[in-house]
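Read through the structure below, which is laid out as structure tokens, and then see the notes.
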């Protein structure tokens, strides 16, 4: 029963978020700030994760290539497919749910318990539109950029690992990367990322906005935000895979 | 002026405000006093529309805010300035940005005009030249004064102050009190102050409402409160022997 009420409250919040901002100039300025905060500042962790993820996928694939019937270019093919279809959009989104989600939830939660949100409301500002809409816009716009960056770095990481371990040649790896390529996979991955970005920010904002109490409750909201947005990402991933890849 | 008629508010089974009626006149400092948990903050938050009330009416110059939709309520709130107990300054913004915030959101002023207004408000609260500090770099008293500057930036018609002296030393408290009084007279606005501070009650209380267990038990002025024989008021205001002695002398 509580879950249904929470879901209802979440959708009501979404309805209130998507109102016209009081001043478009302020909205654009805040969106740019958010792109920097939740997007650009996530680049180092995304880069680190992506290079190692790509390297491990390539090495694991290479280490399992026992059958002589499997061509060597399969390593490049599998690295590319795994990275584009799943690892970059989903795993990086899960990482971002932890980093960005907890940050947003604690920021808004702290604003709630220190009455800053009440101050906004008293001034006549729609606090949800002012605080959350720029974050959602920034995430939906910039998360795909992060994921494209992640895809590139994962593929680079895979190549680096193979060359350093002498398990494959550059030409074979690139041939594998280009084999059976479908541009729709990129569209599918980026569509997923837009949805994940929306889920991460809106769920984290929901938990932050409705925080009651003090510092402990802000921490609790932050944890709940990360757990719930991770579950939402996994569910959405499953549904979107069903919808787009198995249609 | 603000008129409150038969206000009731409950949280679950807990009936917090019980048929509260009061009148808050323009151009004077209206105090709401009472023990912790008596319903003062709930009353104030109801007055500004942060709590939805169960029954009754809240009239701002005859307009009932309880029947307003969210857009009308937001418009009404643009006439309100509020000083929160914890100041509620935006900690990611400088002093200047905090005071400028309502102007940025709701005025059509140029940046220079906004800056002039910010400097005027900061001068008014004796904080000239502190524009680039962050709230965390300011003392409690300074934070309260910044919050007052932000509250008056839009030239409000109504000023609400939730325990403006909490956590401040006596000297700073007197400074904040006199600032509230001066601003009320200067702009001829309706000011409502929630306080526990007995010095404020005596010094700036043009009109006092004593809230007791959710009811508006007593109303009067800083002069009549000394004379009153209502036991709950006497027990609250003149709780210590020192205050009782002062009361006897003043009587």
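Residue numbers (the numbering used here), protein chains in the order written: chain A, 1 to 247; chain B, 1001 to 1251. Every residue gets a Cβ at the ideal spot worked out from N, C-alpha and C, and that includes glycine. Source: prediction; values computed, not measured.
(request) Let me know if residue 15 of chain A comes out buried or exposed under the rule of 16 or more other beta-carbons within 10 Å of its beta-carbon. (result) Counting Cβ neighbours within 10 Å, residue 15 of chain A comes out exposed, since fewer than 16 surround it.
(message) By alpha-carbon positions, which one of A:69, A:155 and A:95 ends up nearest to residue 233 of chain A?
(response) When each option's Cα is compared against that of residue 233 of chain A, the closest is A:95.
(message) Looking at the strands, I want to know which residues DSSP matches up with residue 1011 of chain B.
(response) B:1014.
(request) Determine the DSSP secondary structure at residue 1210 of chain B, reduced to helix, strand or coil. (result) Reduced to three states, the DSSP call for residue 1210 of chain B is strand.
(request) Determine the contact status of residue 113 of chain A and residue 213 of chain A, defining contact as a CB-CB distance below 8 Å. (result) Contact flag set, yes.
(request) Establish whether the CB of residue 34 of chain A and some CB of chain B are separated by less than 8 Å. (result) When Cβ-Cβ separations below 8 Å define contact, residue 34 of chain A makes no contact with chain B.
(request) Tell me the start and end of each unbroken alpha helix (DSSP H) in the segment 1025-1067 of chain B that is at least 4 residues and wholly inside, in chain order. (result) Counting whole runs of 4 or more residues, the segment 1025-1067 of chain B contains the alpha helix (DSSP H) stretches 1040-1047.
(message) By alpha-carbon positions, which one of A:146, A:193, A:223 and A:84 ends up nearest to residue 182 of chain A?
(response) Taking the Cα of residue 182 of chain A as reference, the smallest distance to any Cα among A:146, A:193, A:223 and A:84 is reached at A:84.
(request) Under 8 Å by Cβ, that's how I've got residue 1167 of chain B and residue 115 of chain A pegged, so tell me the actual separation to the nearest angstrom. (result) Wrong, their Cβ atoms sit about 14 Å apart, outside the cutoff.
(request) Mind listing, in chain order, the continuous alpha helix (DSSP H) runs of no fewer than 4 residues lying wholly within the segment 1075-1117 of chain B? (result) For the segment 1075-1117 of chain B, the continuous alpha helix (DSSP H) assignments of 4+ residues that do not extend past its boundaries occur at 1095-1106, in sequence order.
(request) Determine the extent of the beta strand (DSSP E) in which residue 245 of chain A is found, giving its start and end residues. (result) It is not in any beta strand (DSSP E) - residue 245 of chain A carries neither H nor E in the DSSP assignment.
(message) With three or more beta-carbon pairs closer than 8 Å as the criterion, would you say the segment 222-241 of chain A touches the segment 1001-1020 of chain B?
(response) By the Cβ test, the segment 222-241 of chain A is not in contact with the segment 1001-1020 of chain B, since fewer than three Cβ pairs between them sit closer than 8 Å.
(message) Does any residue of chain A have a CB that is nearer than 8 Å to the CB of residue 1048 of chain B?
(response) Interface criterion met: the Cβ of residue 1048 of chain B is under 8 Å from a Cβ in chain A.
(message) So with CB distances below 7 Å, who are the chain A contacts of residue 1134 of chain B?
(response) The contacting residues do not exist; residue 1134 of chain B stays about 14 Å from chain A at best.
(request) On a CA-only basis, which of A:208, A:223, A:194 and A:222 is nearest residue 93 of chain A? Give me that one, please. (result) Nearest to residue 93 of chain A by C-alpha distance, out of A:208, A:223, A:194 and A:222, is A:194.
(request) Taking all protein chains shown into account, decide if residue 1128 of chain B is buried (16 or more other Cβ within 10 angstroms of its Cβ) or exposed. (result) Residue 1128 of chain B should be labelled exposed.
(message) Considering only DSSP beta bridges, list what residue 1005 of chain B is partnered with.
(response) Its beta-bridge partners are B:1057.
(request) Buried or exposed for residue 1117 of chain B, please, with buried defined as at least 16 other CB atoms from any protein chain shown within 10 angstroms of its CB. (result) When all chains shown are included, residue 1117 of chain B counts as buried.
(request) Name the two residues that bound the continuous beta strand (DSSP E) containing residue 1218 of chain B. (result) According to the DSSP assignment, residue 1218 of chain B belongs to the beta strand (DSSP E) that extends over 1215-1220.
(request) Give the secondary structure of residue 1022 of chain B by DSSP, where H, G and I count as helix, E and B as strand, and everything else as coil. (result) Three-state DSSP puts residue 1022 of chain B in a strand.
(message) Against chain B, which members of the segment 117-131 of chain A pass a CB distance test of less than 9 Å?
(response) The residues in question are 117, 118, 119, 120, 121, 122, 123, 124, 125, 126 and 130.
(request) Check each candidate in B:1214, B:1104 and B:1223 and name the one with the smallest Cα separation from residue 1198 of chain B. (result) Between residue 1198 of chain B and the set B:1214, B:1104 and B:1223, the nearest pair of CA atoms involves B:1223.
(request) Name, going along the chain, the residues of the segment 20-32 of chain A whose beta-carbon falls closer than 9 Å to a beta-carbon of chain E. (result) The structure shown contains no chain E; its protein chains are A and B.
(request) Starting from residue 74 of chain A, find everything on chain B with Cβ-Cβ shorter than 7 Å and list it in chain order. (result) Result: empty, since nearest Cβ-Cβ is about 50 Å, beyond 7 Å.
(message) Just checking: is the beta-carbon of residue 1102 of chain B within a distance shorter than 8 Å of some beta-carbon in chain A?
(response) Interface residue, yes.
(message) For a contact defined as C-beta to C-beta under 7 Å, what are the partners of residue 114 of chain A on chain B?
(response) The answer, in chain order, is 1086 and 1088.
(message) So the candidates are B:1215, B:1212, B:1187 and B:1173; which of them puts its Cα closest to the Cα of residue 1204 of chain B?
(response) Closest in alpha carbon position to residue 1204 of chain B, among B:1215, B:1212, B:1187 and B:1173, is B:1173.
(request) Could you name the residues of chain A that residue 1078 of chain B contacts, counting a contact when the two beta carbons are closer than 9 Å? (result) Those within 9 Å of residue 1078 of chain B in chain A are 123 and 124.
(message) Quick check: the segment 1058-1076 of chain B against the segment 1095-1108 of chain B, are at least 3 beta-carbon pairs closer than 8 Å?
(response) They do not touch, by the three-pair rule.
(message) Let me confirm a value: residue 1027 of chain B is counted as buried when at least 16 other C-beta atoms fall within 10 Å, else exposed. Which label applies?
(response) With fewer than 16 other CB atoms across the displayed protein chains lying within 10 angstroms of its CB, residue 1027 of chain B is exposed.
(message) Can you tell me whether residue 1161 of chain B is helix, strand or coil according to DSSP?
(response) In the displayed model, residue 1161 of chain B falls within a strand according to three-state DSSP.
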